[in-house]
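Protein chains in written order, with this note's numbering: chain A, 386 to 677; chain B, 5 to 379.
What follows is one structure encoded as structure tokens, with my remarks underneath.
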Amino acid sequence: MNKLLEGKIAPVVVVVSVLIAIWYCFTVYLNTPWQLDRYEKAGTDWTYSQLITDTMKQDRPVLPAVHQVVVEIWQTTVNKNITSKRSLIYHGWITLSATLLGFLFGTILGITLAVLIVHNKALDKSLMPWIITSQTIPILAIAPMVIVVLNAIGVSGLLPKALISTYLSFFPIAVGMVKGLRSPDQQQLDLMHTYNASAAQTFWKLRWPNSVPFLFTSMKVAVAISLVGAIVGELPTGAIAGLGARLLAGSYYGQTIQIWSALISAAVLAAVLVMLVGVANNVVLKRMGMSQ
Amino acid sequence: MKFGTMSSLQKVLALIAIGASLAALLSPLAMIGETTVSTLSHPIAMTFALAGLATIIRFKLKFSIAFDGIMSVLGIWGIMVILNGIDKASFGFWMLLVAAWAFGWLYIERLSNVTGLNVFLTRLIGLITPVFFGIWILVLWEAITRGANVPFVLLPPPSMVWVKITTSLSILWADFQQTILKAVLSGYVMGCGSAFLAAIAIDRSPFLQRGLLPVGNFVAALPIVGMAPIMVMWFGFDWESKAAVIVIMTFFPMLVNTLTGLTVATNMQQDLMRTYAAGYWQTLFKLRLPVAAPFIFNALKINSTLALIGGIVAEFFGTPTVGMGFRISTEVGRMNIDMVWAEIAMAALAGSTFYGIIALTERAVTFWHPSIRAG
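Laid out in structure tokens, this is it:
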């Protein structure tokens, strides 16, 4: 028992169950006014236990109960055909494909920039401050414009969303990789120098292997942020498809359960993506003999 | 100062500059109506191109670094003058642009390779280089959009955006007040403040700490912006709902970072405080919070961007008819792209200022930290 308390699992389980309990309390509290109003109009008598169960059964609650969201997710994933417009898997896949494409572009762009910055002093001095400034610009705010403008010149679908994800995800990769490519210390660089290694050889045999742990750490941040970009990128397209579109449609029609189920599935998607990067990290580092 | 000899990259850039200057002199510059004009009819551009061609002697003589900078500025000047009088740019114009760009790059390249300077000059160069680079981005943007007649909806030239900014200051100010001053700042202060207090409270219980750190890390990676429609439903259209989104977005990064920061103080340091008979609060304020400061400031910096994003995106889901997010989404619909860019410029300025203030405060507070002492 003591061992269980010292580990991470027990505290996490306790914290999560407390959060769920708080959620249920809020569900009852926030949905009560509407329910009371309902009773009054219908003229029915009510007891507290009845009130509590009824607050968790509303069609458009202010805050849906956890099990309502779970049921909705179950119905829109397992019980729906994947090609159906009401299937969350269909919407999730659309968001996921934009996320992955943007993440791929962002990773390539980030690594390229980092390599250039590490090898050229002028670029380091002129580009690096602007890369940092670029992230203080709330790009998500520009997302609708990028989407609409690209739409106007005939580029639509996956690419515009992926571009927003790219913009968001290149930054952590570039910054992390600059750090990683610079992580070999002077002794190691000097050793390469005594071997008469060229810049390319130093890069492939010293800098690149040294930067791999940094790459994976930044990829974890980048993939999560890339998903956010794809979701926000879907908002201005007029709610056609994707998790972002589900959010928007839900907010138009007051379908809170739909909003929450889209949110939770986005959360699960983010968790899975981050986990996958983590697994890839472990496998690669193990094969390179770098795992602790 | 040591200049050194020209590196191979510098040689390539110098050759590009010379070749492009020659091409600009020989090929048609631009179209005015149906007639073609040549570089020779524009005195500034002609001076620039001839001087550029003459730099072929640099392979024999040593040129001062400032010369390349002056050449680049002269080129920019010539390009701007030409842009005001033409309908469409031809090959010569683009060659002029390439030559001026090559001189600019050469300038930066040589400037950043100068060694053996004192601290002040190093800092000055560290400031000049990015500013010069930024100016060049604007020049390229202006020259390409106007020279190639890029459709206005696609990308308006910066000069047009600037005109829009100066003519609609009152609208921009109203939006700024609504979004930044009301929503973002209040949400940021509430979110970061409550997370900070929560972290100090949780820190006393190792059990809660172990449970909340993984959960907090998980939540910090979630697309919380998606909560925006729900918050708009709960708190109404005005700034309160935006502040609520920002509170949720900023809470977890701050919580996780503060908790991590509070674990940084080593046992040795804590023991020292104990030998001084320092109580919990004294240890907290004199030892643990100061060493946690780099982590806390890290969260404050991340949150400054998150707060702006949250405030603007939440406005897409419903606002009173004022606010930066509202303006962006409605003006995009009307294809008033210059107004959108004006808002973006303001958002960028506000974001950078916000970030800059926090970064400066960090330097003042954590002056002892190695990363700041070094630079």
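Just so it is clear, CB atoms sit at the ideal spot from N, CA and C, and this is done for glycine as well.
Sub-8 Å separation of residue i and residue j beta-carbons
| i | j | result |
| --- | --- | --- |
| Thr412 (chain A) | Thr440 (chain A) | yes |
| Val594 (chain A) | Leu670 (chain A) | Here residue 594 (chain A) turns out to be Pro, not Val, going by the sequence shown. Taking 8 Å as the Cβ cut-off, Pro594 (chain A) and Leu670 (chain A) do not qualify as a contacting pair. |
| Thr480 (chain A) | Ile616 (chain A) | yes |
| Ser596 (chain A) | Phe488 (chain A) | no |
| Leu87 (chain B) | Ala178 (chain B) | no |
| Gly561 (chain A) | Ser603 (chain A) | yes |
| Asp91 (chain B) | Ile139 (chain B) | no |
| Met75 (chain B) | Phe97 (chain B) | no |
| Ile2 (chain B) | Ile527 (chain A) | The displayed coordinates of chain B run from 5 to 379. Any statement about residue 2 (chain B) would go beyond what the structure contains. |
| Asn307 (chain B) | Met258 (chain B) | yes |
| Ile228 (chain B) | Tyr192 (chain B) | no |
| Asp342 (chain B) | Leu263 (chain B) | no |
| Gly315 (chain B) | Val236 (chain B) | no |
| Ala363 (chain B) | Lys305 (chain B) | yes |
| Gly477 (chain A) | Leu654 (chain A) | yes |
| Val606 (chain A) | Leu566 (chain A) | no |
| Gly56 (chain B) | Ala21 (chain B) | yes |
| Pro134 (chain B) | Gly635 (chain A) | no |
Residue i versus residue j: straight-line alpha-carbon distance, rounded
| i | j | result |
| --- | --- | --- |
| Thr183 (chain B) | Gly329 (chain B) | 8 Å |
| Ile83 (chain B) | Leu544 (chain A) | 34 Å |
| Thr346 (chain B) | Leu173 (chain B) | In the sequence as displayed, the identity of residue 346 (chain B) is Ala instead of Thr. For Ala346 (chain B) and Leu173 (chain B), the distance between alpha carbons rounds to 10 Å. |
| Val451 (chain A) | Phe256 (chain B) | 21 Å |
| Thr43 (chain B) | Met530 (chain A) | 37 Å |
| Glu244 (chain B) | Leu421 (chain A) | 26 Å |
| Val317 (chain B) | Gly542 (chain A) | 21 Å |
| Ile252 (chain B) | Phe200 (chain B) | 13 Å |
| Ala23 (chain B) | Val118 (chain B) | In the sequence as presented, Ala is not what sits at residue 23 (chain B); that position holds Gly. Going by the C-alpha atoms only, they are around 26 Å apart. |
| Leu144 (chain B) | Pro446 (chain A) | 53 Å |
| Gly89 (chain B) | Arg150 (chain B) | 11 Å |
| Thr357 (chain B) | Asp444 (chain A) | 45 Å |
| Asn466 (chain A) | Val613 (chain A) | 26 Å |
| Val662 (chain A) | Val223 (chain B) | 17 Å |
| Ala104 (chain B) | Ile132 (chain B) | 17 Å |
| Val456 (chain A) | Thr641 (chain A) | 13 Å |
| Ile60 (chain B) | Phe95 (chain B) | 22 Å |
| Phe7 (chain B) | Pro161 (chain B) | Only weak support exists for where Phe7 (chain B) lies, its pLDDT of 46 falling under 50; the value from the coordinates is given anyway. Phe7 (chain B) and Pro161 (chain B): Cα-Cα distance of roughly 38 Å. |
| Met10 (chain B) | Met675 (chain A) | 40 Å |
| Ala647 (chain A) | Met513 (chain A) | 37 Å |
| Gly120 (chain B) | Lys15 (chain B) | 23 Å |
| Thr587 (chain A) | Gly327 (chain B) | 52 Å |
| Val123 (chain B) | Val540 (chain A) | 49 Å |
| Ile522 (chain A) | Phe601 (chain A) | 25 Å |
| Val400 (chain A) | Gly215 (chain B) | 6 Å |
| Phe156 (chain B) | Met673 (chain A) | 52 Å |
| Ala303 (chain B) | Ala203 (chain B) | 13 Å |
| Ala18 (chain B) | Gln181 (chain B) | 49 Å |
Spatially closest choice to residue i from the options, by CA coordinates
| i | options | result |
| --- | --- | --- |
| Ala559 (chain A) | A:Leu566, A:Ile496, A:Gln460 and A:Asn536 | A:Ile496 |
| Ser482 (chain A) | A:Gly561, A:Leu548, A:Val668 and A:Gly539 | A:Leu548 |
| Ile644 (chain A) | A:Ala665, A:Ile502 and A:Leu620 | A:Leu620 |
| Ser45 (chain B) | B:Gly56, B:Ala58, B:Leu30 and B:Arg150 | B:Leu30 |
| Ala28 (chain B) | B:Gly337, B:Leu100 and B:Val326 | B:Leu100 |
| Gly220 (chain B) | A:Phe601, A:Ala656 and A:Lys590 | A:Ala656 |
| Phe107 (chain B) | B:Phe95, B:Phe124, B:Phe67 and B:Arg127 | B:Phe67 |
| Leu291 (chain B) | B:Leu304, B:Leu276 and B:Ser12 | B:Leu276 |
| Leu501 (chain A) | A:Lys465, A:Arg592 and A:Ser519 | A:Arg592 |
| His373 (chain B) | B:Pro47, B:Leu353, B:Ala297 and B:Arg331 | B:Ala297 |
| Thr126 (chain B) | B:Phe136, B:Val135 and B:Leu115 | B:Leu115 |
| Ala311 (chain B) | B:Asp242, B:Gly355 and B:Leu26 | B:Gly355 |
Chain B residues whose Cβ lies nearer than 8 Å to that of residue i
| i | result |
| --- | --- |
| Val447 (chain A) | Met237 and Trp238 |
Beta-carbon neighbours of residue i, restricted to chain A and to distances below 8 Å
| i | result |
| --- | --- |
| Leu158 (chain B) | Val534, Ala537 and Ile538 |
Chain-ordered chain A contacts of residue i [CB-CB under 7 Å]
| i | result |
| --- | --- |
| Asn117 (chain B) | Lys506 |
Under 9 Å from the C-beta of residue i: neighbouring residues of chain B
| i | result |
| --- | --- |
| Gln520 (chain A) | Thr309, Gly355 and Tyr359 |
| Lys671 (chain A) | Here the premise fails: no neighbours, minimum Cβ distance about 23 Å. |
| Gly627 (chain A) | Those do not exist, as Gly627 (chain A) stays about 12 Å from chain B at its closest Cβ, beyond 9 Å. |
| Ala494 (chain A) | Before going on, a small fix: residue 494 (chain A) reads as Leu here, not Ala. What Leu494 (chain A) touches in chain B: nothing, since even the nearest Cβ is about 17 Å away. |
Chain-ordered chain A contacts of residue i [CB-CB under 9 Å]
| i | result |
| --- | --- |
| Met350 (chain B) | In chain order: nothing, as chain A lies at least about 10 Å away. |
Any chain D beta carbon closer than 8 Å to residue i
| i | result |
| --- | --- |
| Glu38 (chain B) | Protein chains in the displayed structure are A and B, and chain D is not among them. |
Proximal residues of chain B, C-beta to C-beta of residue i below 7 Å
| i | result |
| --- | --- |
| Met604 (chain A) | Correct list: empty, because the minimum Cβ distance to chain B is about 12 Å. |
| Trp515 (chain A) | Pro134, Phe137 and Gly138 |
Q. Quick one: complete alpha helix (DSSP H) runs, 4+ long, within the segment 529-591 of chain A?
A. 543-566, 571-579 and 584-587
Q.
Quick check on the DSSP output: what are the complete alpha helix (DSSP H) runs of length 4 or more inside the segment 603-668 of chain A, in order along the chain?
A. 628-638
Q) Along the chain, which unbroken stretches of the beta strand (DSSP E) at least 3 residues long are found entirely within the segment 250-309 of chain B? A) none
Q) Which parts of the segment 106-184 of chain B are runs of the beta strand (DSSP E), unbroken and 3 residues or longer, counting only runs that do not cross its ends? A) none
Q) Residue ranges of each alpha helix (DSSP H) run of no fewer than 4 residues wholly in the segment 312-341 of chain B, ordered along the chain? A) 328-337
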